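J.:
2 protein chains.
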Amino acid sequence: MRILITGGDGFCGWPTALYLSRKGHDIAILDNQLRREWDRELGIESLAPIASMDERTHEWQKHAKGSFTAYSVDMRDYDALARTVAQFVPDAIVHFAEQRSAPYSMIDREHAVFTQTNNIVGTLNLLYIMKEIVPDCHLIKLGTMGEYGTPNIDIEEGYIKIAYKGREDTLPYPKQPPSMYHLSKVHDSHNIMFSCKSWNLRATDLNQGVVYGIQTDETRMHPVLVNRFDYDQIFGTALNRFCVEAAADHPLTVYGSGGQTRGFINLLDTVRCIELAAQNPAAPGEFRVFNQFTQEFSVSALATKVHQVAGDLGISAEISHLRNPRVESEKHYYHAANTKLLDLGLTPHLLTDETIREIIKLALQYKDNIQLDHIMPTVTWS
Amino acid sequence: MRILITGGDGFCGWPTALYLSRKGHDIAILDNQLRREWDRELGIESLAPIASMDERTHEWQKHAKGSFTAYSVDMRDYDALARTVAQFVPDAIVHFAEQRSAPYSMIDREHAVFTQTNNIVGTLNLLYIMKEIVPDCHLIKLGTMGEYGTPNIDIEEGYIKIAYKGREDTLPYPKQPPSMYHLSKVHDSHNIMFSCKSWNLRATDLNQGVVYGIQTDETRMHPVLVNRFDYDQIFGTALNRFCVEAAADHPLTVYGSGGQTRGFINLLDTVRCIELAAQNPAAPGEFRVFNQFTQEFSVSALATKVHQVAGDLGISAEISHLRNPRVESEKHYYHAANTKLLDLGLTPHLLTDETIREIIKLALQYKDNIQLDHIMPTVTWS
Chain A
0 MRILITGGDG FCGWPTALYL SRKGHDIAIL DNQLRREWDR ELGIESLAPI ASMDERTHEW
60 QKHAKGSFTA YSVDMRDYDA LARTVAQFVP DAIVHFAEQR SAPYSMIDRE HAVFTQTNNI
120 VGTLNLLYIM KEIVPDCHLI KLGTMGEYGT PNIDIEEGYI KIAYKGREDT LPYPKQPPSM
180 YHLSKVHDSH NIMFSCKSWN LRATDLNQGV VYGIQTDETR MHPVLVNRFD YDQIFGTALN
240 RFCVEAAADH PLTVYGSGGQ TRGFINLLDT VRCIELAAQN PAAPGEFRVF NQFTQEFSVS
300 ALATKVHQVA GDLGISAEIS HLRNPRVESE KHYYHAANTK LLDLGLTPHL LTDETIREII
360 KLALQYKDNI QLDHIMPTVT WS
Chain B
0 MRILITGGDG FCGWPTALYL SRKGHDIAIL DNQLRREWDR ELGIESLAPI ASMDERTHEW
60 QKHAKGSFTA YSVDMRDYDA LARTVAQFVP DAIVHFAEQR SAPYSMIDRE HAVFTQTNNI
120 VGTLNLLYIM KEIVPDCHLI KLGTMGEYGT PNIDIEEGYI KIAYKGREDT LPYPKQPPSM
180 YHLSKVHDSH NIMFSCKSWN LRATDLNQGV VYGIQTDETR MHPVLVNRFD YDQIFGTALN
240 RFCVEAAADH PLTVYGSGGQ TRGFINLLDT VRCIELAAQN PAAPGEFRVF NQFTQEFSVS
300 ALATKVHQVA GDLGISAEIS HLRNPRVESE KHYYHAANTK LLDLGLTPHL LTDETIREII
360 KLALQYKDNI QLDHIMPTVT WS
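For the record, the sequence lines run as chains A and B.
Here the first sequence is numbered in numbering that gives the first Met the number 0, starting from 0 and rising by one per residue.
Here the second sequence is numbered in numbering that gives the first Met the number 0, starting from 0 and rising by one per residue.
1) Is any beta-carbon of chain E found at less than 8 Å from that of A:Asn190?
2) For the segment 101 to 124 of chain A, enumerate the residues whose C-beta is nearer than 9 Å to any C-beta of chain B, in chain order.
3) Just verifying my parser: in three-state terms, what is the DSSP assignment at A:Val225?
4) What do you reckon, are the CB atoms on A:Phe87 and A:Leu3 nearer than 8 Å?
5) Alpha carbons only, please: which of A:Ser183, A:Val253, A:Gly235, A:Pro89 is nearest the one belonging to A:Arg322?
6) Roughly how many angstroms separate the alpha carbons of B:His373 and A:Glu285, rounded to a whole number?
7) Measuring straight from C-alpha to C-alpha, what distance separates B:Leu46 and B:Met52?
8) Hey, how far is the Cα of B:Gln93 from the Cα of A:Glu44?
9) State yes or no: is the C-beta of B:Leu19 within less than 8 Å of the C-beta of B:Glu327?
10) Compare the C-beta of B:Pro324 against all C-beta atoms of chain A and say whether one is closer than 8 Å.
11) Establish whether the CB of B:Gln175 and some CB of chain A are separated by less than 8 Å.
12) B:Pro171 touches chain A at which residues, Cβ-Cβ below 9 Å?
13) Excluding the 5 residues flanking A:Ala247 on each side, which residues of the same chain have their C-beta closer than 7 Å to its C-beta?
14) Using a Cβ cut-off of 8 Å (strictly closer), state whether B:Trp198 contacts chain A.
15) Note down, in chain order, every chain A residue with its Cβ under 8 Å from the Cβ of B:Asn151.
16) Should A:Arg99 be labelled buried (16 or more other beta-carbon atoms within 10 Å of its own) or exposed?
17) Quick one: is A:His186 near chain B, going by C-beta distance under 8 Å?
18) Where A:Leu41 and A:Val209 are concerned, what is the direct C-alpha to C-alpha distance, given to the nearest angstrom?
19) Since B:Ala316 and B:His306 should fall inside the 8 Å C-beta cutoff, what is the C-beta to C-beta distance between them, to a whole number of angstroms?
20) By DSSP's criteria, A:Pro159 is part of a beta bridge. Which residues make up the other side?
21) Leaving out five residues before and five after A:Leu343 in sequence, what residues of the same chain have Cβ atoms less than 6 Å from its Cβ?
22) Taking 8 Å as the CB-CB limit, is B:Phe286 close to chain A?
23) Roughly how many whole angstroms lie between the Cα atoms of B:Gly324 and B:Gln232?
24) Using a Cβ cut-off of 8 Å (strictly closer), state whether A:Pro381 contacts chain B.
25) So which residues of chain B does A:Tyr127 contact, with C-beta pairs closer than 7 Å?
26) Using the DSSP secondary-structure output, state which residues sit across from B:Gln278 in a beta bridge.
27) If you measure beta-carbon to beta-carbon, which residues of the segment 70 to 93 of chain B are closer than 8 Å to chain A?
28) Using the Cβ count rule (16 or more neighbours within 10 Å means buried), how would you classify A:Gly235?
29) Evaluate contact between the segment 101 to 113 of chain A and the segment 132 to 141 of chain A, counting only Cβ atoms and requiring at least three cross-stretch pairs below 8 Å.
30) For A:Thr260 and A:Glu146, I'd like the C-alpha separation in whole angstroms.
31) Could you tell me which residues DSSP pairs with A:Thr236 in its beta bridges?
32) If distances are taken between C-alpha atoms only, which option among A:Asn117, A:Thr338, A:Ser178, A:Ala16 comes closest to A:Met74?
33) So what does DSSP say about B:Glu54, is it helix, strand or coil?
34) Can you give me, in chain order, the residues of the segment 224 to 246 of chain B that have a beta carbon less than 9 Å from any beta carbon in chain A?
35) List the residues of chain B that A:Leu182 touches, going by C-beta distances under 8 Å, in chain order.
36) Please go through the same chain and pick out, in chain order, the residues whose beta-carbon is closer than 6 Å to the beta-carbon of B:Leu337, but skip the five residues on each side of it.
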């Protein structure tokens, strides 16, 4: 297949590109490299230093099974995006190219407006380009489990069958997104649903859980291919951040009581899920939603796991409960369906002590790079 | 009360401003007058010529009971909007200032992107300004009944209590918006819901039905105060458009079979609903939703009514079923709740033959201005 991966220079996009490339697909990555700008803006950087998009692309081209091309394009630039799609003519487009941090979106008004306009306009441009240039192409869009919030009923995969006052319908699952970023993903989902219906496009919305893990078989093939490793308050996600904190002898920073429960997924499963979605495209006109996570954990439970594994490594990682910078429930019901990707053949890499140990060891390897002052949350919701 | 009315130069905003002003409130209208630009862009104009914002404001100041000020401000300009709010210090903000035409949003990609960014950014700016400058102010935001689409179960007012797999929750009503414009309103609703929860703001989302009628007691007080009268394919809504078609001896243009059923409201009730919302503010942190319509009609039923009233006036108005330019169901269940505004005291002006006769007579008065070539739909969904 010919697969265009937008945001292909990012934390999920890069390993996905390499994985699919190694499977023999013709791959184009497209990225405006803005994520690297934000590192400079915030004075942070990936714990494992990453090569430039050009460098890592050149290195990977030696390993690629099919063609592998990189385009430096901003998705808000319709003409440039349209030219790229017209030139590459993808069978599938995997769309990661969005601002993906909740805290970044909550820094202030400018960052909220940026996040929403950037994400919405990029996706709208892509939808119009698909309609006009590649109407049969399959859009594989990254959403987030966070779109659902924490309702007091089971979370289903995108839709819910509602029996109400003697009648019945299957409707889009109600969304209660908890940040300006999560809101942008809900907006995207509605825009894509409408476009599939109106223009007969095919789309799969992958509501992904919190991703943990850093390296994949492919990013390990050469030091220049190493993946981004975020641990700061803005871009670091819970498990990865806890592992870095353990490596740095910093307390594990649990926000509030830690009863917040979420879906999690190993990066190794992320890349496989994308492959499964691509191999099994949505039908024309279909807007399909998969919940892309494999296990549910409370934040406290994760901290306890990291505490234990760190202990085995001789590190005493205290757990510190911080005042929660977010407005969210810390005690709530959480049960979400995730069978659709399993049915397509996903065999999950479940969270093991070994996985945690590996992340801590990687963090220890780069211990000198850890900037402790970027770990504590300063961006607050209220 | 001190009430800021954004979009106060528009079809609903202007009569609302005059009505509330006559009731003794201190009123500021704020408008970038872009709606007048779109008339020039599309080569159309209000059937009844309208005075400039300055002229009509000066005229109204002679009749106003409280203070009455007009600000020429674009809501996407945060600084200008913030200065206005800081200067006027409103108790309530009635927010009409959005691109409000579904066909306009569907002209092409540029118009879709414009509609969504304009509407979302304006509303986000306002929310941040409320948070920072007037946190106790009550936001009264115009949404649309179109946000709900046409589900096969009853439409409730913003939320629905769902019993599911032995558990229960009251969740935001699932939305299936049928155009890029309607989508922008759904995006707004989610953004406002989040802001109320996170920042303890008060907001009422008024999901308004299709508005008919042109003049109010206030706009009739002087010719310079006359309200906008749209009848073209882009900004003209069903009933008003049918009346102009009748006046022009043009067939009544029903899209498809005409089985599409929607909620409708008389402009006289629009202004009263805004007053009721302002008099009964939402609580701090509350995101309240009212369905603002008084009757449900199918498009065919409306056309038949206009046909009959026109007949009584000696006009033979044929009904013409056009190929539907929109992607929508023409036969569907439709039953929506609308009791919340009635409970607050709304006494509806129901659709009578007299109302239709008045609109047709107004159209006849301006018959020479009717541009027939702007009536047939050229903007299509697919």
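All C-beta atoms in this analysis are idealised placements derived from N, C-alpha and C, irrespective of residue type, glycine included.
Because the structure is a prediction, the values reported are computed rather than measured.
T.: Taking the coordinates as given:
1) Here the protein chains are A and B, and chain E is not one of them.
2) When C-beta distances to chain B are compared with 9 Å, the residues of the segment 101 to 124 of chain A below that value are Met105, Asp107, Arg108, Glu109, Ala111, Val112, Gln115, Thr116, Ile119, Val120, Leu123, Asn124, in chain order.
3) By one-based count along the first sequence, residue 225 of chain A stands at place 226. When secondary structure is reduced to three states using DSSP, A:Val225 falls in the coil class, being assigned neither helix nor strand.
4) Stepping through the first sequence from its first residue, residue 87 of chain A is reached at position 88. Stepping through the first sequence from its first residue, residue 3 of chain A is reached at position 4. Yes.
5) Here the question's residue 322 of chain A lines up with position 323 in the first sequence. Considering only alpha carbons, the answer is A:Val253.
6) Within the second sequence, the letter at position 374 stands for residue 373 of chain B. Within the first sequence, the letter at position 286 stands for residue 285 of chain A. When rounded, the distance between both Cα atoms is 34 Å.
7) Counted from its first residue, the second sequence places residue 46 of chain B at position 47. Counted from its first residue, the second sequence places residue 52 of chain B at position 53. Cα to Cα, B:Leu46 sits roughly 17 Å from B:Met52.
8) The residue labelled residue 93 of chain B in the question sits at position 94 within the second sequence. The residue labelled residue 44 of chain A in the question sits at position 45 within the first sequence. Position check: residue 93 of chain B holds Val in this sequence, whereas Gln was assumed. Roughly 44 Å between the two C-alpha positions.
9) In the second sequence, the residue the question calls residue 19 of chain B occupies position 20. In the second sequence, the residue the question calls residue 327 of chain B occupies position 328. Against a cut-off of 8 Å, the Cβ pair of B:Glu327 and B:Leu19 comes out as no contact.
10) The residue you call residue 324 of chain B lines up with position 325 of the second sequence. So, not an interface residue.
11) Taking the first residue of the second sequence as 1, we reach residue 175 of chain B at position 176. True, the Cβ-Cβ gap to chain A drops below 8 Å.
12) The residue given as residue 171 of chain B occupies position 172 in the second sequence. Ordered by position in chain A, the residues that pass the 9 Å Cβ test against B:Pro171 are Pro173, Lys174, Gln175.
13) Walking along the first sequence from the start, residue 247 of chain A turns up at place 248. So the qualifying residues of the chain are Lys366, Ile369, Leu371.
14) Stepping through the second sequence from its first residue, residue 198 of chain B is reached at position 199. With its beta carbon less than 8 Å from one in chain A, B:Trp198 belongs to the interface.
15) Counting from 1 along the second sequence, the entry for residue 151 of chain B is found at position 152. Neighbours of B:Asn151 on chain A, chain order: Arg166, Glu167, Asp168.
16) Translated into the one-based positions of the first sequence, residue 99 of chain A becomes position 100. The residue in question, A:Arg99, is buried, as its Cβ has 16 or more Cβ neighbours within 10 Å.
17) For the purposes of this step, residue 186 of chain A is taken as the residue at position 187 of the first sequence. So yes, A:His186 belongs to the interface.
18) On the first sequence, residue 41 of chain A is found 42 positions in, with the first residue counted as 1. On the first sequence, residue 209 of chain A is found 210 positions in, with the first residue counted as 1. Distance between the alpha carbons of A:Leu41 and A:Val209: 22 Å.
19) Your numbering for residue 316 of chain B matches position 317 in the second sequence. Your numbering for residue 306 of chain B matches position 307 in the second sequence. Contact annotation, B:Ala316 with B:His306: C-beta distance approximately 5 Å; criterion of less than 8 Å satisfied.
20) Locating residue 159 of chain A in the first sequence gives position 160, where the first residue counts as 1. According to the sequence as given, residue 159 of chain A is Ile; it is not Pro. The partner list for A:Ile159 (beta bridge, DSSP) reads A:Leu170.
21) Taking the first residue of the first sequence as 1, we reach residue 343 of chain A at position 344. Excluding residues within five positions, the ones whose Cβ falls inside 6 Å are Leu275, Asn279.
22) Indexing the second sequence from 1 puts residue 286 of chain B at position 287. No - not a single Cβ of chain A is within 8 Å of the one on B:Phe286.
23) Reading the second sequence from its first residue, position 325 is the one you call residue 324 of chain B. Reading the second sequence from its first residue, position 233 is the one you call residue 232 of chain B. Before going on, a small fix: residue 324 of chain B reads as Pro here, not Gly. B:Pro324 and B:Gln232: Cα-Cα distance of roughly 11 Å.
24) Here residue 381 of chain A refers to the residue found at position 382 of the first sequence. Correcting the residue identity first, residue 381 of chain A is Ser in this sequence and not Pro. Yes, A:Ser381 counts as interfacial toward chain B.
25) Along the first sequence, read from residue 1 onward, the residue named residue 127 of chain A stands at position 128. By Cβ distance, chain B contributes Arg108.
26) Mapped onto the second sequence, residue 278 of chain B falls at position 279. In the DSSP output, where bridge partners are listed per residue, B:Gln278 has none listed.
27) The segment 70 to 93 of chain B vs chain A, Cβ under 8 Å: Tyr77.
28) Here residue 235 of chain A corresponds to residue number 236 of the first sequence, with the count starting at 1. With 16 or more other Cβ atoms within 10 Å, it is buried.
29) As far as the Cβ criterion goes, the segment 101 to 113 of chain A does not touch the segment 132 to 141 of chain A, which means the pair count is below three.
30) Counting from 1 along the first sequence, the entry for residue 260 of chain A is found at position 261. Counting from 1 along the first sequence, the entry for residue 146 of chain A is found at position 147. Their backbone Cα atoms lie some 14 Å apart in a straight line.
31) Position 237 of the first sequence holds residue 236 of chain A. A:Thr236 is bridged by DSSP to nothing; it lacks a bridge partner.
32) Against the first sequence, residue 74 of chain A aligns to sequence position 75. Considering only alpha carbons, the answer is A:Asn117.
33) Position 55 of the second sequence, counted from the start, is the residue given in the question as residue 54 of chain B. DSSP, read as helix, strand or coil, puts B:Glu54 in helix.
34) Hits within the stretch: zero.
35) By 1-based counting over the first sequence, the position of residue 182 of chain A is 183. Taking a Cβ-Cβ cut-off of 8 Å, the neighbours of A:Leu182 in chain B comprise His186, His189, Asn190, Phe193, given in sequence order.
36) Mapped onto the second sequence, residue 337 of chain B falls at position 338. Correcting the residue identity first, residue 337 of chain B is Asn in this sequence and not Leu. Hits under 6 Å: Asn290, Phe292.
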